[in-house]
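Worksheet: the structure to be examined is printed underneath.
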Amino acid sequence: MAPLVPDIISEDFNFIIALLIGIAFGFILEQAGFSSTKKLVGLFYGYDFTVLKVFFTAGVTAMIGIMVLGHLGWLDLQLIYINPTFLWSAIVGGLIMGAGFIIGGFCPGTSVCAAAIGKLDAMAFIFGSLLGILVFTEAYPLLEGIYKAEAWGPVRINEFLGLSPQLFAFLMSMMAFAAFFVTTRIENKINGRITQYSKSLIIKNSILPSLAIIVIVITSLSPNREELILKRISEAERQKKCKFREITADKLASEIVNSHYNINVIDVRDSASFNKWHIPMAINIPLNDLLNSEFRSYFTQTHKRNIFYADNDTVAKKACLKAKYMGKSDNYILKESTLTFYNMFFNLSKPSALSVKEDKDTYRFREKAAREMNNMVKSLKNVNTPVLKSAKKAKGGCS
Amino acid sequence: MSKTYMNPYIAGLFLGFLLIITVYITGRGLGASGAMKSVVVASVQEAFPQHHEQAKFYKEYKAENPDGPLKNWLVFEVVGVIIGALLSGILAERVAFKLERGVRVNNLTRILTAIAGGMLFGFGSQLGRGCTSGSALSGMGVMSLGGIITMFAIFGSAYGLAYFFRKLWLK
Numbered sequence: 001m002a003p004l005v006p007d008i009i010s011e012d013f014n015f016i017i018a019l020l021i022g023i024a025f026g027f028i029l030e031q032a033g034f035s036s037t038k039k040l041v042g043l044f045y046g047y048d049f050t051v052l053k054v055f056f057t058a059g060v061t062a063m064i065g066i067m068v069l070g071h072l073g074w075l076d077l078q079l080i081y082i083n084p085t086f087l088w089s090a091i092v093g094g095l096i097m098g099a100g101f102i103i104g105g106f107c108p109g110t111s112v113c114a115a116a117i118g119k120l121d122a123m124a125f126i127f128g129s130l131l132g133i134l135v136f137t138e139a140y141p142l143l144e145g146i147y148k149a150e151a152w153g154p155v156r157i158n159e160f161l162g163l164s165p166q167l168f169a170f171l172m173s174m175m176a177f178a179a180f181f182v183t184t185r186i187e188n189k190i191n192g193r194i195t196q197y198s199k200s201l202i203i204k205n206s207i208l209p210s211l212a213i214i215v216i217v218i219t220s221l222s223p224n225r226e227e228l229i230l231k232r233i234s235e236a237e238r239q240k241k242c243k244f245r246e247i248t249a250d251k252l253a254s255e256i257v258n259s260h261y262n263i264n265v266i267d268v269r270d271s272a273s274f275n276k277w278h279i280p281m282a283i284n285i286p287l288n289d290l291l292n293s294e295f296r297s298y299f300t301q302t303h304k305r306n307i308f309y310a311d312n313d314t315v316a317k318k319a320c321l322k323a324k325y326m327g328k329s330d331n332y333i334l335k336e337s338t339l340t341f342y343n344m345f346f347n348l349s350k351p352s353a354l355s356v357k358e359d360k361d362t363y364r365f366r367e368k369a370a371r372e373m374n375n376m377v378k379s380l381k382n383v384n385t386p387v388l389k390s391a392k393k394a395k396g397g398c399s
Numbered sequence: 400m401s402k403t404y405m406n407p408y409i410a411g412l413f414l415g416f417l418l419i420i421t422v423y424i425t426g427r428g429l430g431a432s433g434a435m436k437s438v439v440v441a442s443v444q445e446a447f448p449q450h451h452e453q454a455k456f457y458k459e460y461k462a463e464n465p466d467g468p469l470k471n472w473l474v475f476e477v478v479g480v481i482i483g484a485l486l487s488g489i490l491a492e493r494v495a496f497k498l499e500r501g502v503r504v505n506n507l508t509r510i511l512t513a514i515a516g517g518m519l520f521g522f523g524s525q526l527g528r529g530c531t532s533g534s535a536l537s538g539m540g541v542m543s544l545g546g547i548i549t550m551f552a553i554f555g556s557a558y559g560l561a562y563f564f565r566k567l568w569l570k
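Sequences listed follow chains A and B, in order.
Residues 1 to 399 in our numbering are what the first sequence lists, from first letter to last.
Residues 400 to 570 in our numbering are what the second sequence lists, from first letter to last.
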C-alpha cells in the first residue's frame with residue numbers, strides 16, 4: 001500500500017525519484033507556456049487564461065485521483081502530507097505572494113522554468129526570491145508570532161465544511177468548469193474573437209467534465225475497501241458459512257514453548273487489557289486497528305500462523321475474519337478465552353492425591369509449560385518486542 | 400515537436416497525473432520555494448557560520464533537517480525542473496537569452512520589478528509555508544484547508560492589485 005516511500009522505496013532512492021518527477025514537472029510547465037511572464041499575468045488582465053486552466057485542471061484531476069486511490073485502499077490517506085493550516089500566515093502569506101505575482105510576473109516554480117530557457121527577468125525574479133526568503137529567515141524572531149498563530153493542524157477542507165470528500169470534489173469540479181467556460185468567453189471578447197459553439201467543440205469540451213463526474217459518482221456510490229471488508233464479514237456472519245480453525249489452549253501453550261517462531265499470537269483486545277495481562281509472547285493488535293496498514297504485513301505473510309484470542313470467541317472470530325479478507329495468512333482462533341487460558345496455566349490448583357493419573361499429568365504439563373513460557377518471556381525480552389513498522393507520515397510542503 | 404504551447408487542459412491533465420504519481424510514490428506533493436530556502440540556508444551557513452549557529456530560524460531548521468539544507472527532496476526536484484524545462488525549451492526552440500516585458504516599461508524597470516516581485520513572493524512563500532506549487536496546487540490535490548486558503552489569497556490579491564500595476568503589462 002502506498003505511499004511507497006519509505007517502506008518500498010528507500011529514502012535515498014527517493015532523491016532520484018525527486019529528480020525524475022522534477023524533470024516531468026519542468027517539462028509540463030514549459031510546454032504549457034509557464035515560462036512566459038506575459039502568458040502568466042494574462043490571467044489577471046483577461047487576455048490569456050492559460051494559467052487558470054492548467055492550474056485548475058491539474059488541481060481537480062489530482063484531487064479526484066488521490067480520492068479514488070484512497071477509496072480503493074491503494075493509498076493510505078492518513079500517511080500522506082496534508083499541508084497544515086495556520087490561518088493568519090496562510091492568508092497574509094498568500095496576499096503578499098499575490099502582490100509578488102502581479103509585480104514580478106512569476107511564481108517560484110515558473111521562474112525556475114523560465115530561467116532554464118534563458119529568460120533574464122526570471123533570473124532576476126529568482127534573485128529577488130532568495131533575498132525575500134533571507135529577509136524572512138533573518139526577521140524570523142519578529143514574525144514567529146504570526147507564523148505560528150492559529151495552528152489548526154492538517155485539516156482537510158471537506159472536514160472543515162462538513163462535506164464528504166466526494167461532494168467537495170464535485171463542487172470544486174463544477175466551479176472549475178464554470179470558470180473555464182466564463183474565462184474563455186472573456187478571453188475571446190478581449191482578444192476580439194467571436195465565441196462560436198460548433199457541435200464538435202461542445203462534444204470535445206464535455207469529455208473531461210463528464211469523465212470527472214462519472215468517476216466522482218462511482219466513488220460516492222461504491223463502498224470503499226474497508227467498508228467492503230466489513231460488509232463481507234457481516235454477510236459471512238449472517239450466513240454462518242465461515243468455518244474457523246480452532247486451537248486449544250494446551251496445544252497453543254506447547255507451540256509457544258516449542259515453536260514460537262512459527263506462530264504469531266495476536267491479542268485483539270484493547271491495549272489496556274493487553275497491558276494488564278496477556279498470553280506470553282503475544283502481540284497486541286486491537287480489533288479496531290486490525291485493518292490499519294502498519295499491521296498488514298502480518299496478514300499477507302504465509303510463513304507464520306496467526307492465532308487470535310480475546311475475552312470471548314466472537315471478538316476473536318471477527319478478528320480472524322478481518323484478517324482473512326486482508327491477505328493469505330494462515331489464521332486460527334484460540335478456543336478458550338483469555339481468562340480461561342490464564343486460569344489453566346497461571347492459576348493452577350494442585351490435584352489431590354486421589355486424582356486420576358490423567359489429571360496429575362495435565363497438572364504437571366501445564367505447570368511446566370507456564371514456567372517455560374515465563375522463562376521465554378524473560379530470556380526473549382528483546383526479541384519479543386514486536387518490530388512494529390511505524391507507518392511514517394510523509395513530510396512535504398515548502399516549509 | 401511543435402513550437403506552439405500545449406493545450407492548457409491537456410497540460411493540466413498531465414500535471415494532475417504527475418501530482419497523483421508524486422503523492423502515490425512519496426506521500427508528498429510538488430514544490431519549488433522550499434528549494435530556494437535550502438539555497439538561502441546553505442549560503443548563510445557557508446558565508447556566516449557563526450550567525451548560522453546562533454540565529455533562531457537556522458537552529459530550528461537544522462533540528463528539522465539534520466542532513467543539511469541541500470540534501471532535500473525539493474532541491475533534487477527543482478534541479479529536475481531546470482533540466483525538464485530546458486529539454487522542453489530545446490525541443491520547442493524557445494531557448495534564448497531574452498527579457499520579456501510590457502511594452503511601456505524599459506529593461507531596467509522590468510529587472511527591478513522582477514526583483515521586487517521576487518522578494519515579495521519569496522517572503523510570502525515562507526510565511527505561507529509554500530508557494531503556488533507546494534501550497535496551492537499540492538494543497539488542493541490533498542484537499543488541505545490551508546492550501547486552498549492560500550490559493551484564494553494569492554489569486555485574489557493578484558486580481559485586486561492588477562489594476563494598479565497595469566502599466567507594467569498592458570499597452
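Beta carbons: idealized from backbone N, C-alpha and C, even for Gly.
Grab me the residues of residue 458 of chain B's own chain with a C-beta within less than 8 angstroms of its C-beta, minus the 5 sequence neighbours each way, in chain order. 452
For the structure I just gave you, are there three or more beta carbon pairs, one from the stretch 80 to 98 of chain A and one from the stretch 540 to 556 of chain B, closer than 8 angstroms? yes
Measuring alpha carbon to alpha carbon, tell me which of A:109, A:146, A:114 and A:46 ends up nearest residue 93 of chain A. A:146
Does any residue of chain A bring its CB to less than 7 angstroms from the CB of residue 499 of chain B? yes
Quick check: what's the CA-CA separation for residue 133 of chain A versus residue 443 of chain B? 12 angstroms
How do the stretch 109 to 124 of chain A and the stretch 480 to 495 of chain B stand: do at least 3 beta-carbon pairs fall below 8 angstroms, yes or no? yes
For residue 151 of chain A, which beta-bridge partners are listed by DSSP? A:86
Would you mind sorting residue 275 of chain A into buried or exposed? The rule is 16 or more other CB atoms within 10 Å of its CB. exposed
Have a look at residue 258 of chain A and residue 311 of chain A and give me their C-alpha separation to the nearest angstrom. 25 angstroms
Let me check one thing: in DSSP terms, what residues is residue 18 of chain A bridge-paired to? Answer is none; residue 18 of chain A lacks a bridge partner.
Using the Cα positions of residue 138 of chain A and residue 530 of chain B, report the straight-line distance between them to the nearest angstrom. 19 angstroms
So which residues of chain B does residue 209 of chain A contact, with C-beta pairs closer than 8 angstroms? Correct list: empty, because the minimum Cβ distance to chain B is about 10 angstroms.
Straight-line Cα distance separating residue 278 of chain A from residue 284 of chain A: 9 angstroms
Exposed or buried, which one is residue 493 of chain B when buried takes at least 16 other CB atoms within 10 Å? buried
Look at the alpha carbon of residue 247 of chain A and the alpha carbon of residue 271 of chain A, and state the distance between them as a whole number of angstroms. 23 angstroms
Is the distance from the Cβ of residue 47 of chain A to the Cβ of residue 455 of chain B below 7 angstroms? no
Might you give, ordered along the chain, the residues of its own chain that have their beta carbon closer than 6 angstroms to the beta carbon of residue 70 of chain A, omitting 5 neighbours on each side? 77
Quick one: which chain A residues come within Cβ less than 9 angstroms of residue 503 of chain B? Ordered by position in chain A, no residue passes the 9 angstroms Cβ test against residue 503 of chain B, which lies about 13 angstroms from the chain.
What are the boundary residues of the alpha helix (DSSP H) that includes residue 332 of chain A? Segment 330 to 334 is the beta strand (DSSP E) holding residue 332 of chain A; no alpha helix (DSSP H) there.
Here's the rule I'm using: 16 or more other beta-carbon atoms within 10 Å means buried, otherwise exposed. How should residue 403 of chain B be labelled? exposed
Using the C-alpha atoms, what's the distance from residue 316 of chain A back to residue 268 of chain A? 7 angstroms
Does the beta-carbon of residue 468 of chain B have 16 or more other beta-carbons within 10 angstroms, so that it is buried, or is it exposed? buried
To the nearest angstrom, report how far apart residue 465 of chain B and residue 12 of chain A are at their CA atoms. 14 angstroms
Short check: CB of residue 514 of chain B to CB of residue 128 of chain A, under 7 angstroms? yes
Report yes if the CB atom of residue 408 of chain A is closer than 7 angstroms to the CB atom of residue 421 of chain B, and no otherwise. Residue 408 of chain A is absent from the model: chain A starts at 1 and stops at 399.
Determine whether the Cβ of residue 512 of chain B lies closer than 7 angstroms to any Cβ atom of chain A. yes
Does residue 404 of chain B come out as helix, strand or coil in the three-state DSSP assignment? coil
Mapping the DSSP letters down to three states, classify residue 81 of chain A as helix, strand or coil. coil
Let's test the definition: count the other Cβ atoms within 10 Å of the Cβ of residue 197 of chain A and tell me whether it reaches 16, buried, or not, exposed. exposed
So, is residue 121 of chain A buried or exposed, given that buried needs 16 or more other C-beta atoms within 10 angstroms? buried
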